[in-house]
Each structure stands twice: as C-alpha cells, then as structure tokens.
Amino acid sequence: MPDGRLLAVSDLHLGITENHAFLERLRPTGPDDWLIVAGDVGERVETVEWALASLAERFAKVIWTPGNHELWSTTDEHAHLTAPERYRLLVDRCRAHGVLTPEDPYAVRTDGPAGPYAVAPVFTLYDYTWRVPGVTDKRQSLARAHENGVVCTDEYRIDLGPYAGLEDWCRERVEATEKTLAAHDPEVPLVLASHWPLDRRPTDILHYPDFAQWCGTELTADWHRRFHVTAAVYGHLHIPRTTWYEGVRFEEVSLGYPREWRRRGHPRGLLRQILPYPGPSEQPVPAPDA
Numbered sequence: 001m002p003d004g005r006l007l008a009v010s011d012l013h014l015g016i017t018e019n020h021a022f023l024e025r026l027r028p029t030g031p032d033d034w035l036i037v038a039g040d041v042g043e044r045v046e047t048v049e050w051a052l053a054s055l056a057e058r059f060a061k062v063i064w065t066p067g068n069h070e071l072w073s074t075t076d077e078h079a080h081l082t083a084p085e086r087y088r089l090l091v092d093r094c095r096a097h098g099v100l101t102p103e104d105p106y107a108v109r110t111d112g113p114a115g116p117y118a119v120a121p122v123f124t125l126y127d128y129t130w131r132v133p134g135v136t137d138k139r140q141s142l143a144r145a146h147e148n149g150v151v152c153t154d155e156y157r158i159d160l161g162p163y164a165g166l167e168d169w170c171r172e173r174v175e176a177t178e179k180t181l182a183a184h185d186p187e188v189p190l191v192l193a194s195h196w197p198l199d200r201r202p203t204d205i206l207h208y209p210d211f212a213q214w215c216g217t218e219l220t221a222d223w224h225r226r227f228h229v230t231a232a233v234y235g236h237l238h239i240p241r242t243t244w245y246e247g248v249r250f251e252e253v254s255l256g257y258p259r260e261w262r263r264r265g266h267p268r269g270l271l272r273q274i275l276p277y278p279g280p281s282e283q284p285v286p287a288p289d290a
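So in full-length UniProt numbering, the last spot in the sequence shown is 290, and the numbers never skip.
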C-alpha cells in the first residue's frame with residue numbers, strides 16, 4: 001500500500017489509566033499518513049492537548065472534532081468554564097499544535113493513492129430527536145430514560161452557558177456546518193468526521209435503545225446524500241464496525257472502555273484505515289516497519 005493513508009480513531013478515554021498505553025501505540029504507517037481523532041480523547045483540557053500534540057508529532061496531519069467528554073465541566077480543572085468556552089479553549093490549544101478543528105478550513109488531499117478528497121471535521125451535538133419509541137417530545141423521552149435507568153452523564157455534567165438547551169446549540173452548529181458543506185467544491189469528495197453518528201440507523205444495535213437520544217440529530221440524516229460524501233467517520237457508540245447507507249460507508253472507530261476492548265479485542269487494529277478503502281476484507285493497519 002502506498003504512503004498517504006487516512007486513518008481514524010475515537011473514544012480514547014485517556015482519563016482511564018488503562019487506556020493510556022494505547023496513545024503510544026497509535027503510529028502512522030508512513031510519513032504522509034493523516035489521522036482523524038473523532039472525539040472523547042478525555043475530560044481534562046490538558047489531557048486532550050497533550051494527546052493531540054503527541055499525535056501531531058507523528059502524523060503528517062491530525063484532524064480533531066470534540067465529543068461529549070471534552071465538553072464536561074470537571075471539579076478539578078477549568079471548572080469555571082461552560083461547555084462552549086471549553087470548546088473554544090480546546091480549539092485554541094489545537095491550533096497551537098497545528099491540529100485542525102471544526103473551526104478551520106477543510107484539509108484537502110490531492111496527492112496519495114486516494115486523492116483528491118477533503119476531510120471535514122463536523123461538530124453537531126444532538127437534540128433529543130432520536131427519541132424512544134412511542135413518545136412525542138423530549139420531555140417524555142427523557143422521562144422514559146429516567147424510568148429505565150438509562151441516562152447519559154451529559155445531563156449532569158455539561159454546563160451550556162448561554163444556551164437554554166443543548167438542542168439550541170445543536171441547531172446553531174448544524175446550520176453553520178451546512179453552510180460550510182454547501183460551499184465546498186462538489187467535485188472533491190468529502191470524508192465527514194463527527195463524534196456523533198450523522199444517521200440514526202447505527203444506533204439500532206444499542207443494548208440500551210433509550211441512549212440513542214444522546215447520539216445525534218435528525219437534522220443531519222440526509223447529509224451523506226445531499227453532499228458528495230465518500231465516507232462518514234464517527235465514534236460515541238463504542239461499537240466499532242463498518243456499515244453502508246445509500247451507498248455511503250459509515251465507520252465507527254471507537255477504542256472505548258477497558259471492559260469493552262477486553263471483551264472484543266482489536267481485531268481491526270487500533271487505527272481504522274478510511275482511505276484508500278481496503279475493501280470488505282479489512283485487516284489491522286500494520287506497523288510502520290511491516
């Protein structure tokens with residue numbers, strides 16, 4: 001395989017000691033590899049900066065988009081910041097290390113075996129529209145989740161600051177992202193990189209279906225059809241797999257929690273190869289000297 005792969009990972013959760021060792025093992029296969037980091041690196045700003053700075057030293061380009069864990073207010077670090085303020089601080093820290101964010105122009109690759117393509121990190125959040133069956137609004141859906149004991153920690157940890165509800169911030173983010181996507185050259189295929197899946201169907205296999213309401217928004221459901229998308233990369237679900245919707249490949253690239261990776265292992269490697277697409281018989285990404 002020629003140099004210049006696009007690789008991806010998400011949900012490193014480096015706040016968990018047992019996951020620390022994996023950061024050192026994330027290595028490019030060659031000097032021109034790019035890496036997508038699709039959110040949930042950790043809860044502490046300093047941890048996220050340290051991890052992304054380390055990766056930026058190894059990979060030709062690193063593209064990051066936040067997950068919900070990067071938005072949490074913690075008791076021991078930057079606790080005074082709201083979630084929007086934390087996000088802006090993380091964008092500044094990323095830029096200091098050359099890491100691209102949803103606030104930067106898309107990285108366009110014209111060289112390498114899979115070019116041309118552009119990587120679009122998108123930050124869209126969720127708006128409770130992926131409700132539990134049989135309810136008609138957010139209030140009923142949340143009530144059902146509380147009854148069933150399935151409530152995302154976001155409900156207790158994210159300080160929204162100026163926004164009345166997370167759905168308001170989500171709507172603002174979606175509108176801004178749509179404008180950027182619409183202005184992109186349609187001749188250059190897009191790789192969309194988001195922490196939350198852009199289509200609800202990947203959540204159909206969740207062990208706790210109530211959790212889907214914290215996983216995305218109906219506002220993004222047609223993006224892979226409206227825009228020239230060659231692949232959609234996401235995390236959050238901690239269910240690594242490849243699925244196809246309307247001819248577009250969706251890649252869930254989570255590492256996840258120790259109880260999860262101990263059970264399933266890493267049969268496809270720690271990094272998922274997005275481009276060039278290695279085909280249905282994907283193998284783990286080999287070590288650089290393989």
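Even glycine gets a Cβ: it sits at the ideal position worked out from N, Cα and C.
Item, Value
"Touching by the beta-carbon criterion (3+ pairs, under 8 Å), the segment 147 to 166 and the segment 82 to 90", "yes"
"Coil, strand or helix - residue 37 by DSSP", "strand"
"Reduced DSSP secondary structure (H/G/I, E/B, other) of residue 250", "strand"
"Three-state secondary structure (DSSP) of residue 156", "helix"
"Where residue 87 falls: helix, strand or coil (DSSP)", "helix"
"For residue 111 and residue 3, the rounded distance between their alpha carbons", "10 Å"
"Distance between beta carbons of residue 230 and residue 198, contact taken as under 8 Å", "Contact doesn't hold; Cβ gap of about 14 Å is too wide."
"Exposed unless 16 or more other CB atoms sit within 10 angstroms - verdict on residue 222", "exposed"
"Cβ neighbour criterion (16 or more within 10 Å) applied to residue 68", "buried"
"Where residue 205 sits in the DSSP three-state scheme", "helix"
"Best match in 59, 40 and 235 for proximity to residue 87 [C-alpha to C-alpha]", "40"
"Local conformation of residue 73 per DSSP, three classes", "coil"
"Best match in 248, 254 and 15 for proximity to residue 77 [C-alpha to C-alpha]", "15"
"Supposed contact pair residue 6 and residue 22 - C-beta distance, whole angstroms, cut 8 Å", "Residue 22 to residue 6, Cβ: 20 Å. No contact."
"Beta-carbon proximity of residue 151 to residue 143, cut-off 8 Å", "no"
"Own chain residues within Cβ distance below 8 Å of residue 94, not counting five before or after", "49, 52, 64, 100 and 101"
"Between the CA atoms of residue 130 and residue 216 - distance to the nearest angstrom", "7 Å"
"Counted within 10 angstroms of its Cβ, other Cβ atoms place residue 259 as buried (16 or more) or exposed", "exposed"
"Residue 94 CB to nearest heavy atom of the ligand GTP below 7 Å", "Here there are no bound small molecules, and the ligand GTP is not part of this structure."
"Beta carbon of residue 117 nearer than 8 Å to that of residue 188", "yes"
"Supposed contact pair residue 240 and residue 253 - C-beta distance, whole angstroms, cut 8 Å", "6 Å"
"Alpha-carbon spacing of residue 294 relative to residue 214, whole angstroms", "Given that the chain is displayed from residue 1 to residue 290, the structure contains no residue 294 and the question cannot be resolved."
"Sub-8 Å separation of residue 124 and residue 72 beta-carbons", "no"
"Residue nearest to residue 250 in terms of C-alpha spacing, selected from 17, 237 and 60", "237"
"Residue closest to residue 193, alpha-carbon to alpha-carbon, out of 175, 279 and 62", "62"
"Coil, strand or helix - residue 121 by DSSP", "strand"
"Under 8 Å between C-beta atoms of residue 55 and residue 26", "yes"
"Every unbroken beta strand (DSSP E) inside the segment 225 to 270 [3 residues or more]", "229 to 234, 241 to 245 and 248 to 252"
"Within 8 Å, strictly: CB atoms of residue 38 and residue 233", "yes"
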